[in-house]
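13 is the number of the first residue of the sequence shown in the working numbering; add one for each residue after it.
Below is one structure, written out as structure tokens; the observations come after it.
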Amino acid sequence: MREINFDGLVGPSHNYAGLSLGNIASAKNAGGVSAPRAAALQGLAKMRRMLALGLPQGVFLPHARPDIGWLRALGFAGDDTAVCRSAWAQEPALLRNAMSASAMWTANAATVSPAPDTRDGRCHLSVANLSTMLHRSIEHDQTLRQLRLAFANPRYFAVHPALPVGLGDEGAANFMRIGRSHADRSLEMFVYGERSSGPFPARQHRAASAAVGRRHGLAEGDIALVRQSDGAIAAGAFHNDVVAVANENVLFTHEHAFADRDTVYRDLLARVPGAVIIEAPAGRVSLDAAIRSYLFNSQLVTLAAGGMALILPLEAHETPEVWAWLEEVRAADNPIAQLEVVDVRESMRNGGGPACLRLRVAVDAEAEAAIDPRFLLDERRCDLIEAMVARHWPERIAPDDLGEADLWHQCQTARAALLSALGFQAGEL
13 MREINFDGLV GPSHNYAGLS LGNIASAKNA GGVSAPRAAA LQGLAKMRRM
63 LALGLPQGVF LPHARPDIGW LRALGFAGDD TAVCRSAWAQ EPALLRNAMS
113 ASAMWTANAA TVSPAPDTRD GRCHLSVANL STMLHRSIEH DQTLRQLRLA
163 FANPRYFAVH PALPVGLGDE GAANFMRIGR SHADRSLEMF VYGERSSGPF
213 PARQHRAASA AVGRRHGLAE GDIALVRQSD GAIAAGAFHN DVVAVANENV
263 LFTHEHAFAD RDTVYRDLLA RVPGAVIIEA PAGRVSLDAA IRSYLFNSQL
313 VTLAAGGMAL ILPLEAHETP EVWAWLEEVR AADNPIAQLE VVDVRESMRN
363 GGGPACLRLR VAVDAEAEAA IDPRFLLDER RCDLIEAMVA RHWPERIAPD
413 DLGEADLWHQ CQTARAALLS ALGFQAGEL
């Protein structure tokens with residue numbers, strides 16, 4: 013088996029509306045001028061780097077923005093332009109939500125349980141409802157369509173719709189899988205938060221995590237429900253992947269990631285023989301520095317030649333206490349042998365690092381061959397996407413531009429051109 017990272021391509025409506033309560037970077041940059049074209053090219057460059065490392069790479073496509081159907085459901089009427097104009101005039105906050113490009117962070121698209129872990133031997137994917145934040149709660153219908161198209165073969169895949177909205181589910185951003193290898197039956201760790209703790213909402217509910225485990229057919233002994241620390245959430249770790257990430261037998265984490273750190277570590281070591289815990293002590297890397305640099309929102313991947321690499325945001329390299337500790341990790345006796353720095357500043361300014369931009373799907377060769385090839389990348393398809401982005405994506409979006417008809421039409425035209433170039437038929441997505 014090998015793992016495919018499916019990155020979300022940053023959409024043409026990428027903007028800084030500051031819609032995400034508890035996301036420090038999103039709030040800090042609210043009202044700024046975004047650069048959608050640069051953002052998409054930065055994300056694409058990261059995908060190319062993964063290919064250059066010998067790793068398979070997939071892509072998910074931007075959602076339709078503005079979300080006209082959602083605005084119509086809220087009572088705005090007329091043609092597409094009239095709907096948006098009415099929304100901007102009467103409830104501009106609703107149009108800002110309808111223009112959000114946050115579906116680019118596909119770590120929140122779904123939770124994935126690979127075939128070795130499930131009762132029926134298929135890879136199960138549960139679309140996240142993202143119900144805590146309004147702008148994200150509108151995503152799951154379009155996400156479900158993409159996943160059911162990409163993973164359509166029922167012999168290898170089962171794609172489940174979102175849970176009821178009363179159960180907050182944020183997908184793989186609050187999920188880690190730890191075992192001997194991708195091919196081995198592994199422990200699936202679901203990380204949740206206490207809903208009423210601290211100034212920010214805990215987005216992942218314990219009951220939602222448990223429900224995903226049941227619907228995926230996981231054995232009780234292969235599930236761990238772990239509580240995220242209140243301090244991490246209050247500091248801006250709105251998802252667990254801001255303070256911890258795992259790959260195969262390695263847990264890479266901050267000392268203050270979990271509410272009961274000692275119990276989590278003891279249970280992990282007992283249930284996964286050979287597990288390796290690499291912890292950043294708070295005395296070396298403060299929680300603030302870890303969250304500000306998105307140190308743990310790095311991708312931890314297994315290289316084709318062996319060993320692991322961390323795919324880190326540029327901000328981690330530019331934070332002295334973080335980089336000094338990382339160099340010690342690389343030099344120490346552990347599986348992390350390589351540090352790869354990528355520039356995804358546009359995504360970072362809106363609150364998402366390298367790990368936010370990808371959904372991990374581990375499959376064997378037969379299942380990989382059953383994936384719709386239009387969602388898989390090689391250099392030629394990267395070139396094609398780059399050309400579409402350069403031709404159609406806006407160079408900049410200022411806050412007041414969200415009320416302009418020219419921008420609405422440009423976003424619609426850009427997405428339609430991309431889908432057509434990639435071989436999707438009208439209405440498929």
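All C-beta atoms, glycine included, are put in the ideal place defined by N, C-alpha and C.
### Message
Measuring only the C-alpha atoms, how far is Asp376 from Gly133?
### Response
For the purposes of this step, residue 376 is identified with residue 364 of the sequence shown, where counting begins at 1. For the purposes of this step, residue 133 is identified with residue 121 of the sequence shown, where counting begins at 1. For Asp376 and Gly133, the distance between alpha carbons rounds to 11 Å.
### Query
Which whole-angstrom value is the C-beta distance of Val177 and Thr155, which I expect to be below 8 Å?
Translated into the one-based positions of the sequence shown, residue 177 becomes position 165. Translated into the one-based positions of the sequence shown, residue 155 becomes position 143. Between Val177 and Thr155, the beta carbon gap of about 14 Å keeps them out of contact (Cβ cut-off 8 Å).
### Message
Once DSSP output is grouped into helix, strand and coil, what is the label at His136?
### Response
Residue numbering aside, residue 136 sits at position 124 when the sequence shown is read from its first letter. In the structure shown, His136 sits in a strand (DSSP, three-state: E or B).
### Task
Give me the Cα-Cα distance between Ser193 and Val313, rounded to the nearest whole angstrom.
Sequence index remark: in the sequence shown, residue 193 carries index 181 (1-based). Sequence index remark: in the sequence shown, residue 313 carries index 301 (1-based). Going by the C-alpha atoms only, they are around 11 Å apart.
### Task
Ignore the nearest five residues each way along the sequence and tell me which others in Arg342's own chain have a CB closer than 8 Å to its CB.
The residue given as residue 342 occupies position 330 in the sequence shown. The residues are Ile348, Ala349, Gln350, Leu351.
### Message
For the pair the segment 57-64 and the segment 83-94, tell me if three or more CB-CB distances fall below 8 Å.
### Response
no
### Residues that Gln350 bridges to, as DSSP identifies them
The residue given as residue 350 occupies position 338 in the sequence shown. Gln350 pairs with Ala321.
#### Entry: CA nearest to the CA of Pro385, picked from Ser38, Pro68, Gly55, Ala39
The residue you call residue 385 lines up with position 373 of the sequence shown. If we check each option's Cα against that of Pro385, Pro68 comes out closest.
#### Entry: Reference Ala162, options Glu380, Ala402, Glu416, Glu407, closest by Cα
Here the question's residue 162 lines up with position 150 in the sequence shown. With distances taken between Cα atoms, Ala162 lies closest to Glu380.
### Task
Would you decide whether His421 is buried or exposed? Buried here means 16 or more other CB atoms lie within 10 Å of its CB.
Here residue 421 is taken as the residue at index 409 of the sequence shown, counted from 1. Exposed, by the Cβ-count rule.
### Message
Looking at the secondary structure, which residues open and close the beta strand (DSSP E) in which Ile397 lies?
### Response
What you label residue 397 is simply residue 385 of the sequence shown in a count that begins at 1. It is not in any beta strand (DSSP E) - Ile397 instead sits in the alpha helix (DSSP H) that spans 391-404.
### Query
Under the DSSP definition of a beta bridge, which residues are partnered with His329?
As a first step, residue 329 is located in the sequence shown; it is residue number 317 there, counting from the start. In the DSSP output, where bridge partners are listed per residue, His329 has none listed.
### Query
For the candidate residues Leu107, Phe18, Ala222, whose alpha-carbon lies nearest to that of Asp412?
Counted from its first residue, the sequence shown places residue 412 at position 400. Among Leu107, Phe18, Ala222, the Cα nearest to that of Asp412 belongs to Leu107.
#### Entry: Beta-carbon proximity list for Thr118, same chain, < 7 Å, skipping 5 on both sides
Numbered from its first residue, the sequence shown carries residue 118 at position 106. Cβ contact annotation for Thr118 (same chain, cutoff 7 Å, sequence separation greater than five): Phe18, Asp19, Gly20, Phe72, Leu369, Arg370, Leu371, in chain order.
### Query
Just how far apart, CA to CA, sit Val254 and Ala426?
Taking the first residue of the sequence shown as 1, we reach residue 254 at position 242. Taking the first residue of the sequence shown as 1, we reach residue 426 at position 414. Whole-angstrom Cα-Cα distance: 31 Å.
### Residue range of the alpha helix (DSSP H) that includes Met145
Taking the sequence shown and counting its residues from 1, the one referred to as residue 145 is at position 133. For Met145, there is no enclosing alpha helix (DSSP H), as DSSP marks it with neither H nor E.
### Message
Tell me whether the segment 224-234 and the segment 193-202 touch, counting them as touching only if at least three CB pairs, one residue from each stretch, are closer than 8 Å.
### Response
yes
### Task
Count the CB pairs spanning the segment 401-412 and the segment 97-106 that are closer than 8 Å, and state whether there are at least three.
no
### Query
What is the DSSP secondary structure of Tyr204, counted as helix, strand or coil?
The residue given as residue 204 occupies position 192 in the sequence shown. Here Tyr204 sits in strand by DSSP.
#### Entry: Coarse secondary structure for Ala428, derived from DSSP in three states
As a position in the sequence shown, residue 428 is number 416, starting the count at 1. The answer is helix: DSSP assigns Ala428 an H, G or I state.
### Message
The beta strand (DSSP E) that contains Thr130, what's its start and end?
### Response
Taking the first residue of the sequence shown as position 1, residue 130 is located at position 118. Premise fails: Thr130 is in no beta strand (DSSP E) and is neither H nor E.
### Same chain only: Cβ atoms within 6 Å of Leu299, ignoring 5 sequence neighbours per side
The residue given as residue 299 occupies position 287 in the sequence shown. For Leu299, where only same-chain residues beyond five positions count, the Cβ hits under 6 Å are Ala247, His268.
### Query
Under three-state DSSP, which class holds Gln437?
Numbered from 1 along the sequence shown, position 425 holds the residue referred to as residue 437. Here Gln437 sits in coil by DSSP.
### Query
When burial is assigned at 16 or more other CB atoms within 10 Å of the CB, is Ser432 buried or exposed?
The count along the sequence shown starts at 1 and reaches residue 432 at position 420. Exposed, by the Cβ-count rule.
### Task
Report the residue from Pro74, Gly70, Pro128 whose alpha carbon sits nearest the alpha carbon of Ala231.
Taking the sequence shown and counting its residues from 1, one reaches residue 231 at position 219. For Ala231, the nearest C-alpha among the options comes from Pro128.
### Query
First and last residue of the alpha helix (DSSP H) that includes Leu369?
Residue numbering aside, residue 369 sits at position 357 when the sequence shown is read from its first letter. Counting along the chain, Leu369 falls outside any alpha helix (DSSP H), and DSSP gives it neither H nor E.
### Query
So does the segment 353-360 actually touch the segment 51-58, counting three or more Cβ pairs closer than 8 Å?
Contact between the segment 353-360 and the segment 51-58 is present, because at least three Cβ pairs lie under 8 Å.
### Query
Using CA coordinates, which residue listed in Asn261, Arg393, His75 is at the minimum distance from Leu280?
Here residue 280 corresponds to residue number 268 of the sequence shown, with the count starting at 1. Nearest option by C-alpha distance: Asn261.
### Message
Rounded to the nearest angstrom, what separates Ala170 and Ser310 at their Cα positions?
### Response
As a position in the sequence shown, residue 170 is number 158, starting the count at 1. As a position in the sequence shown, residue 310 is number 298, starting the count at 1. So the two alpha carbons sit approximately 28 Å from each other.
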